[in-house]
Amino acid sequence: MDPVTRLGVVGCGLMGSGIAEVAARRGLDVRVAEATPDALEAGRRRLVSSLDRGVRRGKLSEEQRERALAGLSFTHDLSDLADRQFVIEAVAENRDIKTEVLRTLDKAVEDPAAVLATNTSSIPVVDLAVVTERPGRVIGMHFFNPVPVQQLVELVPTLLTGADTVQRTRDLADQLGKRAIEAPDRSGFVVNALLVPYLLSAVRMVESGSARPEDIDRGMELGCAHPMGPLRLLDLIGLDTAQAVAESMYEEFKEPLYAPPTLLRRMVAAGHLGRKSGRGFHTYDA
Ligand code: 3HC
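Each residue of the sequence shown is one higher than the one before, counting from 6 in my numbering.
Structure below.
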C-alpha cells in the first residue's frame with residue numbers, strides 16, 4: 006500500500022501538537038483539528054514554538070522549519086478531515102469526549118479504508134472501535150511525551166482490528182521515525198501498566214510525609230539513571246492526565262495500586278497540574 010501522505014490529527018494539546026510536529030517534519034501533509042478557535046490557536050503556537058526551538062538548538066534548518074509549516078493546516082471542523090488517509094485522535098483522556106470524536110470522525114472521513122487511530126493512554130481501544138462503522142480499521146497508537154523526543158509508539162490492535170490496519174499503522178510509525186511495540190488492549194497497555202503504579206507510589210510517599218519530592222526525584226535520577234524522577238515526570242505528563250489514566254486502570258482491574266491517591270486528586274482539584282499550569286510537585290517559570 007502507498008505510504009500515508011495525508012494525515013489528520015485531532016487535538017492539539019501536548020500530545021497532538023507533538024504528533025503533528027513530528028509528521029510535518031517528516032514531510033506529511035498534516036491537518037490538525039481542535040474543538041475551538043482558542044484551543045486551536047494555543048496548539049498552533051505550541052507547535053510553532055517547538056519548531057523554533059528545534060531551529061535554535063540546531064535540530065532543523067530554517068528551510069526545514071518552513072517546509073514543516075507549509076505542510077500543516079488547522080481547522081476546528083472535523084468535516085475538514087474528509088480526505089485524510091489516516092487520522093490520529095489525541096484529545097483529552099476522557100471516554101465520552103473520545104467516543105464522540107471517533108463517532109464523528111467515522112462519518113467525516115470519506116475513504117472507508119482510512120484508519121482511525123486513538124492515542125488513548127488507558128481506555129480500552131475496542132470500546133472506541135465499536136462506536137464506529139469500521140471497527141476493523143480502528144487501532145490504538147500510543148505516543149510518549151515529549152513526542153518529538155521519545156522513540157516509542159505502542160500499537161494496540163483490538164479483537165476486531167484487521168491485520169492490514171496493524172501493518173498500515175506500523176508503516177506509519179516507521180515513516181514518523183518511531184519504534185513500535187505491540188501491546189495488549191488492556192488498560193495501561195505495556196508501558197503505563199508498569200509506569201503508573203510506580204508514579205503513584207511516589208505520590209503516596211509524599212502524602213505520608215516519608216520523603217520529600219526533591220529527594221524522591223534525585224534518588225531515582227542518580228540511583229537508577231532515570232532522566233527524571235517520578236514527581237518531575239508526573240509534572241511533565243500533567244497531573245490531570247495521570248489521574249485520568251490511573252482511574253481507567255483502576256476501573257478495569259480494581260487493584261489498589263492503580264487507585265489515584267487523595268493528594269493527587271486534591272492537587273488536580275486545586276489546579277496544580279504540573280508544568281502546564283506552572284505548579285505541580287515542583288514549580289516552573291511561565
Ligand atoms: N520537544 C522537542 N525536543 C525536546 C523537548 C520537546 N518538548 N524536550 C526536550 N527536548 C530535547 C532537547 O532538544 C534535547 O535534545 P539534545 O540533547 O539533542 O539537544 C533533549 O531533548 C534533552 O532535553 P533537555 O536538555 O532540555 O532536558 P533533559 O535532558 O532534562 O530532557 C526530557 C528532557 C527529554 C523530557 C527527559 O528528561 C526525558 O526523557 N524524561 C522522561 C520522559 C518520559 O518518561 N516520558 C514518558 C512519559 S509517559 C507518557 O507519555 C505516556 C502517557 O500515556 C502518560
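Note that CB positions come from ideal geometry on N, CA and C, so glycine has one too.
- Taking all protein chains in view, the Cβ of residue 135 is surrounded by fewer than 16 other Cβ atoms within 10 Å, so the residue is classified as exposed.
- Taking a contact to require three or more Cβ pairs closer than 8 Å, the region 116–132 and the region 87–104 qualify as touching.
- If you draw a straight line from the Cα of residue 214 to the Cα of residue 53, it is about 41 Å long.
- Shown here, residue 222 sits in a helix according to DSSP, grouped into three states.
- At a cut-off of 7 Å, the beta-carbon of residue 144 does not count as near ligand 1: no heavy atom of the ligand is closer than that.
- Note on residue 245: 16 or more other CB atoms within 10 angstroms of its CB, so buried under the neighbour-count rule.
- For the pair residue 279 and residue 243, the CB atoms are nearer than the 8 Å cut-off.
- Put simply, the region 205–212 does not touch the region 174–188. Fewer than three CB pairs are less than 8 Å apart.
- Per DSSP, reduced to three states, the secondary structure at residue 39 is coil, with no helix or strand assignment.
- Taken through DSSP and simplified to helix, strand or coil, residue 87 comes out as coil.
- Remark: the shortest separation between the CB of residue 24 and any heavy atom of ligand 1 does not fall under 7 Å.
- Taken from the Cβ of residue 128, every heavy atom of ligand 1 lies 7 Å or farther away.
- Boundaries of the beta strand (DSSP E) harbouring residue 78: 77–80, taken from the DSSP string.
- In the DSSP assignment, residue 123 falls within the unbroken beta strand (DSSP E) covering 120–123.
- By the Cβ neighbour-count rule, residue 178 is buried, with 16 or more other Cβ atoms within 10 Å of its own.
- Non-local C-beta neighbours of residue 109 in its own chain, meaning closer than 7 Å and more than five positions away in sequence, comprise 83, ordered along the chain.
- By the Cβ neighbour-count rule, residue 199 is exposed, with fewer than 16 other Cβ atoms within 10 Å of its own.
- Relative to ligand 1, residue 232 has its C-beta within less than 7 Å of a heavy atom.
- Of the residues 100, 49, 144, the one whose Cα lies closest to the Cα of residue 76 is 49.
- Under a 10 Å Cβ-count criterion, residue 272 is classified as buried, with 16 or more other Cβ atoms of the shown protein chains found around its own Cβ.
- Rounded to the nearest angstrom, the Cβ distance from residue 88 to residue 115 is 7 Å, consistent with a contact under 8 Å.
- For residue 23, the enclosing alpha helix (DSSP H) starts and ends at 19–30.
- Taking all protein chains in view, the Cβ of residue 9 is crowded by 16 or more other Cβ atoms within 10 Å, so the residue is classified as buried.
- About 22 Å separates the beta carbons of residue 59 and residue 39, which is beyond the 8 Å limit, so they are not a contact pair.
- The DSSP-derived three-state label of residue 163 is coil.
- Relative to ligand 1, the beta carbon of residue 195 is positioned no closer than 7 Å to any heavy atom.
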